[in-house]
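To start, the structure itself, in structure tokens.
In the working numbering, the protein residues as written are 38 to 378.
And the structure:
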């Protein structure tokens, strides 16, 4: 739960309040906020999508935060490169949904009724449907869905930053854009919190070339393939074709298309494992002062899971923009994956 949530006593029970910094109204009325007919989206959901370009638009970071009226929320992050997803992750809300339901109702009231922030009933927002964003800016979409009327409304504008650091400053292309971006900020602050950090923060974009639990390469650890700069930079590095052939075995997978002058390949594998459910992923590729840092992580079935026994060899192979040498591989602590996910 975000740190700015507090519990206060009032009436017959506990009421969740948002701190003043979040800019939300609060209510301790056990029947909900306000009287009269339901506001648009009071029963339904609100969804924020932030699409941020990476590496001069060759890659992207896409973040989708969905918040339902019962309080449940989840955030999905996806990083990709040259039209192919590299990695994605879904993070559900911690705790029980009802802990966030009061905040949801407060936000819906604000987006319906507050003259300074409302999206519903503000005609200027409907004048632009699909804006063209300047280079480097993110596309921010706020969608409200009303369950009772089975109707959805959405607004898209441009802003600087990803979900973690969105700002209304410089948003566009019109003055009304700040309302859309501010609504996205309200949703973020009330769910993932003001200290949210993307799991792909700072990473170069990358695309998955192959991922699974079979490899004939015998790889245990991590390696990279890159052509030297200068003469021959456009040719595949020595040994790559043989390594790829051993990796795919009899699966008849063609050599991947790689612009070796400008791209490189990274492969990570923890080695042989003895149960279904083990996997591995490249998490981030970071250009640092003295080279490149590649973070990768092994993921295993969590506590109380009962995976079937089987020999597997998890592997993840990605293509990434060519980054400075040397390449430092860092294996992050092993992550336990909840059963059934």
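Here a beta-carbon is modelled for each residue, glycine too, at the ideal position from N, C-alpha and C. Since the structure is predicted, the reported quantities are computational estimates derived from the model, not experimental observations.
CB-CB under 7 Å to residue 141, same chain, minus the five flanking residues each way: which ones, in chain order? In the chain shown, the residue the question calls residue 141 occupies position 104. If the five residues before and after residue 141 are omitted, its C-beta is found closer than 7 Å to the C-beta atoms of 104, 106 and 108, all from its own chain and listed in chain order.
Cutoff 8 Å; reference residue 234; Cβ partners in own chain excluding five residues on either side | Indexing the chain shown from 1 puts residue 234 at position 197. Excluding its 5 nearest sequence neighbours in each direction, residue 234 has C-beta neighbours in its own chain below 8 Å: 201, listed in chain order.
For residue 139, count neighbouring C-beta atoms within 10 Å of its own C-beta (all shown protein chains included) and say buried if the count is 16 or more, exposed if not. Residue mapping note: residue 139 aligns to position 102 of the chain shown, counting from 1. Around the CB of residue 139, 16 or more other CB atoms lie within 10 Å, so the residue is classed as buried.
Requested in this report: Write down the C-beta distance between residue 367 and residue 302 rounded to the nearest angstrom, noting that I regard them as a contact closer than 8 Å.
Outcome: Here residue 367 refers to the residue found at position 330 of the chain shown. Here residue 302 refers to the residue found at position 265 of the chain shown. By a beta-carbon distance limit of 8 Å, residue 367 does not contact residue 302. Their separation comes to about 18 Å.
| said: Please classify residue 123 as buried or exposed, where buried requires at least 16 other C-beta atoms within 10 Å of its C-beta. | reply: Along the chain shown, one-based indexing puts residue 123 at 86. With 16 or more other Cβ atoms inside 10 Å of its own Cβ, residue 123 counts as buried.
Answer with buried or exposed for residue 176, where buried requires no fewer than 16 other C-beta atoms within 10 angstroms of its C-beta.
The sequence position of residue 176 within the chain shown is 139, counting from 1. Classification of residue 176: buried, given that the 10 Å Cβ count is 16 or more.
For this session: Kindly list the residues whose CB is nearer than 6 Å to the CB of residue 76, restricted to its own chain and excluding five residues on each side of it in sequence; keep chain order.
Result: Translated into positions along the chain shown, residue 76 becomes position 39. Only 145 and 149 meet the Cβ criterion.
Contact check, residue 350 vs residue 306, beta carbons under 8 Å: As a working mapping, residue 350 is identified with position 313 in the chain shown. As a working mapping, residue 306 is identified with position 269 in the chain shown. For the pair residue 350 and residue 306, the CB atoms are nearer than the 8 Å cut-off.
Check: Would you report the Cα separation of residue 365 and residue 359, rounded to the nearest angstrom?
Finding: As a working note, residue 365 is residue 328 in the chain shown. As a working note, residue 359 is residue 322 in the chain shown. So the alpha carbons of these two residues sit roughly 14 Å apart.
Exercise. Can you name, in chain order, every residue of its own chain whose Cβ lies under 8 Å from the Cβ of residue 362, other than the five neighbours on each side?
Worked result: If you number the chain shown from 1, residue 362 lands on position 325. 263, 328 and 329, listed in sequence order.
Meets three-Cβ-pair contact criterion under 8 Å: the region 265-276 and the region 243-250: Of all C-beta pairs linking the region 265-276 to the region 243-250, fewer than three are shorter than 8 Å, placing the two stretches out of contact.
| request: Using a threshold of 8 Å, state whether the C-beta atoms of residue 353 and residue 317 are closer than that. | output: Within the chain shown, the letter at position 316 stands for residue 353. Within the chain shown, the letter at position 280 stands for residue 317. Yes, these two residues count as a Cβ contact at 8 Å.
Discussion item. If you measure between the beta carbons of residue 83 and residue 224, is that distance less than 8 Å?
Written reply: Looking up residue 83 in the chain shown gives position 46. Looking up residue 224 in the chain shown gives position 187. In this structure, residue 83 places its C-beta atom within 8 Å of the C-beta atom of residue 224.
Give me the Cα-Cα distance between residue 267 and residue 278, rounded to the nearest whole angstrom. Numbered from 1 along the chain shown, position 230 holds the residue referred to as residue 267. Numbered from 1 along the chain shown, position 241 holds the residue referred to as residue 278. Approximately 21 Å between the Cα atoms of the pair.
Return helix, strand or coil for residue 100, following the three-state DSSP convention. Start at 1 with the first residue of the chain shown, and residue 100 comes out as number 63. Of the three classes helix, strand and coil, the one that applies to residue 100 here is strand, per DSSP.
Is it true that the region 130-138 meets the region 171-191, where meeting means three or more beta-carbon pairs spaced less than 8 Å apart?
Here the region 130-138 makes no contact with the region 171-191; the two share fewer than three CB pairs at distances below 8 Å.
Beta-carbon contacts of residue 69 that lie in its chain and below 7 Å, excluding the five residues immediately before and after
The residue labelled residue 69 in the question sits at position 32 within the chain shown. Only weak support is given to the placement of residue 69: the predicted model assigns it a pLDDT of 42, under 50, and the value that follows is read from those uncertain coordinates. Apart from sequence neighbours up to five positions away, the residues of its chain that approach residue 69 with a beta-carbon distance below 7 Å are 142, ordered along the chain.
Nearest neighbour of residue 219, chosen from 128, 147, 296 and 90 [CA to CA]:
Along the chain shown, one-based indexing puts residue 219 at 182. Of the listed residues, the one whose Cα sits closest to residue 219 is 147.
Does DSSP put residue 159 in a helix, in a strand, or in coil?
By one-based count along the chain shown, residue 159 stands at place 122. Of the three classes helix, strand and coil, the one that applies to residue 159 here is coil, per DSSP.
Please name the residue, chosen from 259, 168, 179 and 170, that lies closest to residue 156 on a Cα-to-Cα basis.
The residue you call residue 156 lines up with position 119 of the chain shown. For residue 156, the nearest C-alpha among the options comes from 179.
Taking a contact to mean a Cβ-Cβ separation below 8 Å, would you say residue 211 touches residue 174 in this structure?
Residue mapping note: residue 211 aligns to position 174 of the chain shown, counting from 1. Residue mapping note: residue 174 aligns to position 137 of the chain shown, counting from 1. It is not a contact, given that the beta carbons lie outside the stated cut-off.
- prompt: Should residue 282 go down as buried or exposed, given a rule of 16 or more other Cβ atoms within 10 Å for buried?
  reply: Sequence index remark: in the chain shown, residue 282 carries index 245 (1-based). A residue is called buried once 16 or more other Cβ atoms fall within 10 Å of its Cβ, and residue 282, having fewer, is exposed.
Best match in 110, 374, 101 and 345 for proximity to residue 227 [C-alpha to C-alpha]
In the chain shown, counting from the first residue as 1, residue 227 sits at position 190. For the residues 110, 374, 101 and 345, the minimum Cα distance to residue 227 belongs to 110.
(message) Whole angstroms are fine: how far does the CA of residue 94 sit from the CA of residue 53?
(response) Taking the first residue of the chain shown as position 1, residue 53 is located at position 16. Taking the first residue of the chain shown as position 1, residue 94 is located at position 57. Any reading at residue 53 must be qualified, since the residue scores a pLDDT of 40, below 50, and its modelled position is unreliable; no value is offered.
Straight-line Cα distance separating residue 79 from residue 152
Numbered from 1 along the chain shown, position 115 holds the residue referred to as residue 152. Numbered from 1 along the chain shown, position 42 holds the residue referred to as residue 79. Rounded to whole angstroms, residue 152 and residue 79 show a C-alpha spacing of 18 Å.
(Q) Looking at the secondary structure, which residues open and close the alpha helix (DSSP H) in which residue 137 lies? (A) For the purposes of this step, residue 137 is taken as residue 100 along the chain shown, with counting starting at 1. From DSSP, the alpha helix (DSSP H) with residue 137 extends over 135-150.
_As a quick exercise: from 239, 314, 248 and 129, pick the residue whose alpha carbon is nearest that of residue 121._
Along the chain shown, one-based indexing puts residue 121 at 84. The option with the nearest alpha carbon to residue 121 is 248.
Check your understanding: Would you report the Cα separation of residue 160 and residue 207, rounded to the nearest angstrom?
Key -> Counted from its first residue, the chain shown places residue 160 at position 123. Counted from its first residue, the chain shown places residue 207 at position 170. Roughly 21 Å separates the two Cα atoms.
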